[in-house]
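Each remark here refers to the structure printed beneath this line.
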Amino acid sequence: MHDPRRRRWLEQLEPVFARELRLARTDRGISQELLVAFVNQSFKLNWHQTTLAKVEAGERAIKLREALVLCEALEIPLRQLTGEDELPVVGWSS
């Protein structure tokens with residue numbers, strides 16, 4: 006992985022995820038409390054509103070399952086939260 010664009014993308018992944026998650030939620034008019042209640046009931050996450058607030062502020066790392074649950078709840082693809090569309094596709098090199 007010598008492509009500097011990929012390295013930069015990886016370094017910015019968590020702040021981008023936090024920002025895009027907050028935007029996806031607020032664009033849909035969903036409060037943190039409502040989203041947390043939904044994922045707790047539907048997906049058994051056992052989160053508190055403060056957990057989501059910390060994720061959105063970039064103060065708490067997120068597990069893959071949690072990220073996928075949030076995407077399912079917000080009805081969005083994971084790549085929308087990761088900025089993957091901005092990442093150039095580069096194949097393996099020998």
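In my numbering, each residue's number is its place in the sequence shown (first place is 1) plus 5.
For each residue, glycine too, the CB sits at the ideal point set by N, CA and C.
None of these values were measured; they are calculated from a predicted model.
- According to the DSSP assignment, leucine 86 belongs to the alpha helix (DSSP H) that extends over 83 to 87.
- With contacts defined as CB atoms closer than 8 Å, proline 9 and glycine 63 fail to qualify as a contacting pair.
- DSSP places glutamate 80 in the coil class of the three-state scheme, outside both helix and strand.
- Of the candidates Lys59, Asn51, Gly88, Ala58, Asn51 places its Cα closest to the Cα of arginine 70.
- Bounds of the alpha helix (DSSP H) holding tryptophan 14 are 9 to 32.
- In summary, glutamine 46 is exposed, with fewer than 16 beta-carbon neighbours lying within 10 Å of its beta-carbon over all protein chains present.
- Using a 10 angstroms sphere on the CB of alanine 78, the tally of other CB atoms reaches 16 or more, which defines it as buried.
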